[in-house]
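A short write-up of the structure that comes next.
In our numbering, the protein residues as written are 182 to 321.
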């Protein structure tokens, strides 16, 4: 995937919004107008059986997370495998990274990090119901 407008799994990718070890997130718009602006996180190519098993587990977790409605977490609206890559789509939430805040010479008071992290930590805690971290039925 490149950092240019292209289409993937029904979403028009506009630009890369970050990087991590296993996927690339994009700001995108859904071809279905009802979904509007979204974030689409796309894995690298699924090249062997181990990667496919990971993608199946990834898809299982993303599907389980679609019912999560927490203010500290972006809502999952879609997930799947397309073009030999796993993907998850979340509602778009404009934000700023902690890296950017510090880059702007933000000097937090001792209580600031707690105030920033508490909603996200609470949301993650409530978003991980029993079974979310397990393999899908019939899979490992």
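Just so it is clear, CB atoms sit at the ideal spot from N, CA and C, and this is done for glycine as well.
Span of the alpha helix (DSSP H) holding residue i?
{"i": "residue 197", "result": "Run containing residue 197: none in the alpha helix (DSSP H); it sits in the beta strand (DSSP E), 192-197."}
At a threshold of 8 Å, does residue i count as lining the ligand GDP (C-beta to nearest heavy atom)?
{"i": "residue 226", "result": "Of the ligands one can find in the structure shown there are none, so the ligand GDP has no counterpart to examine."}
In chain order, what residues of the same chain have a beta carbon less than 6 Å from the beta carbon of residue i, not counting five sequence neighbours either side?
{"i": "residue 307", "result": "251"}
{"i": "residue 304", "result": "251, 253, 254"}
{"i": "residue 227", "result": "233, 236, 265"}
DSSP beta-bridge partners for residue i?
{"i": "residue 237", "result": "Its beta-bridge partners do not exist; DSSP assigns none."}
{"i": "residue 204", "result": "224"}
{"i": "residue 187", "result": "194"}
{"i": "residue 209", "result": "194, 219"}
Looking at chain C, is there any beta carbon in it that lies within less than 9 Å of the beta carbon of residue i?
{"i": "residue 242", "result": "Among the chains in the structure shown there is no chain C, since it carries only a single protein chain."}
Could you name the residues of the same chain whose beta carbon sits closer than 8 Å to that of residue i, not counting the 5 residues immediately before and after it, in chain order?
{"i": "residue 295", "result": "none"}
By Cβ distance, which residues of its chain are closer than 7 Å to residue i, with the 5 residues on each side in sequence left out?
{"i": "residue 244", "result": "260"}
{"i": "residue 297", "result": "none"}
Flag this pair as touching only if the region 284-301 and the region 259-274 have three or more C-beta atom pairs under 8 Å; answer yes or no.
No: the two stretches stay apart, fewer than three of their Cβ pairs being nearer than 8 Å.
The region 218-226 contacting the region 263-273, beta-carbon criterion three pairs below 8 Å:
The count of Cβ pairs closer than 8 Å, one atom from the region 218-226 and one from the region 263-273, reaches three, so the stretches are in contact.
Spell out a yes or no on whether the region 231-238 and the region 206-220 are touching, meaning 3 or more CB-CB pairs, one atom from each, closer than 8 Å.
The region 231-238, when compared against the region 206-220, does not touch it at the 8 Å Cβ threshold.
What ranges does the alpha helix (DSSP H) occupy inside the region 256-316, keeping only unbroken runs of at least 4 residues that lie completely in it?
Listed in chain order, the complete alpha helix (DSSP H) runs (minimum 4 residues) inside the region 256-316 are 279-284, 293-308.
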